[in-house]
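Colleague: Heads up: the sequence shown begins at -1 in this note's numbering, then just goes up one per residue.
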Amino acid sequence: MAGKAGGLKGVALIGGAGGNSAVAGALHFFQDPSTGYTEVRGRVTGLAPGLHGFHIHSFGDTTNGCNSTGPHFNPHNKSHGAPSDDERHVGDLGNIVANKDGVADIFIKDLQISLSGPHSILGRAVVVHADSDDLGRGQKSNCQSLFLCCIYARFVVVMNSVKQQEMQEQELDAVSLDFDLQFNNL
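#1: Rounded to whole angstroms, how far is the Cβ of H50 from the Cβ of A102, which I believe are closer than 8 angstroms?
#2: If distances are taken between C-alpha atoms only, which option among F52, I106, S66 comes closest to H127?
#3: Would you kindly work out how many angstroms separate the C-alpha atoms of C64 and G13, rounded to a whole number?
#4: Check whether the stretch 21 to 30 and the stretch 76 to 92 are in contact - that is, three or more C-beta pairs closer than 8 angstroms.
#5: Evaluate K7 with the Cβ neighbour count: other Cβ atoms within 10 Å of its Cβ, from every protein chain shown; 16 or more gives buried, anything less gives exposed.
#6: May I ask you to report which of helix, strand or coil DSSP gives N93?
#7: Cβ atoms of F27 and V38: under 7 angstroms apart, would you say?
#8: Cα separation between S66 and S56?
#9: In this structure, does DSSP put T36 in helix, strand or coil?
#10: Could you name the residues of the same chain whose beta carbon sits closer than 6 angstroms to that of I94, not counting the 5 residues immediately before and after it, in chain order?
#11: Would you mind reading off the limits of the beta strand (DSSP E) that contains T61?
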């Protein structure tokens, strides 16, 4: 993932919400422009063993914890489904599995989530739910119990790696770049 030129990258740092300070992790996003796929890789620790719904929600607002993140990101107004379904929300990423030690290793390769354009997931919330997602096949399609959440792209710089390399190779004449990086206390 790290060696691919020309892609967009992002990082989400995860912290527990709702009194779950033991939950932590990091997710790395990489969008390959040659294939259109976005890879999500990472690890979340401190979870209860088992399946947990994993979604991109519509808003990056956590002023009221995960309750203010809104519904699953769904710009095409589709029905809830599994990541492999044609009919699904863009934000439907299925379930992650925490092992007996509460660790979930994540690798997802998806064509619907994007780090650029009008339906970008940047600035939205990544949410891990306390319960499993039924993938649109039952009664709890929204995984009602929110467990933890994280906003990403508010605290990372996402850049095309080719442009980043070009900038590193150029001499800058009296140019200053200031970034106001703000971390949210999740």
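Quick reminder that beta carbons are idealized off the backbone N, C-alpha and C, glycines included.
Modeller: Quick look at the numbers:
#1: Against the sequence shown, residue 50 aligns to sequence position 52. Against the sequence shown, residue 102 aligns to sequence position 104. Going by Cβ atoms, the distance from H50 to A102 rounds to 7 angstroms, so yes, they are a contact pair.
#2: Position 129 of the sequence shown, counted from the start, is the residue given in the question as residue 127. If we check each option's Cα against that of H127, F52 comes out closest.
#3: Taking the first residue of the sequence shown as position 1, residue 64 is located at position 66. Taking the first residue of the sequence shown as position 1, residue 13 is located at position 15. Those two C-alpha atoms are separated by around 11 angstroms.
#4: Contact between the stretch 21 to 30 and the stretch 76 to 92 is absent, because fewer than three Cβ pairs lie under 8 angstroms.
#5: Position 9 of the sequence shown, counted from the start, is the residue given in the question as residue 7. That one is buried.
#6: Within the sequence shown, residue 93 is the residue found at index 95, counting from 1. N93 falls in the strand class under three-state DSSP.
#7: Along the sequence shown, read from residue 1 onward, the residue named residue 38 stands at position 40. Along the sequence shown, read from residue 1 onward, the residue named residue 27 stands at position 29. In contact: V38 and F27 (Cβ atoms closer than 7 angstroms).
#8: As a first step, residue 66 must be located in the sequence shown, where it is residue number 68. As a first step, residue 56 must be located in the sequence shown, where it is residue number 58. Going from the Cα of S66 to the Cα of S56 covers about 9 angstroms.
#9: Position 38 of the sequence shown, counting from 1, holds the residue named residue 36. If DSSP states are grouped into helix, strand and coil, T36 belongs with the strands.
#10: For the purposes of this step, residue 94 is taken as the residue at position 96 of the sequence shown. Around I94: H50, F52, A102, I104.
#11: Numbered from 1 along the sequence shown, position 63 holds the residue referred to as residue 61. Per DSSP, T61 belongs to the beta strand (DSSP E) from 61 to 64.
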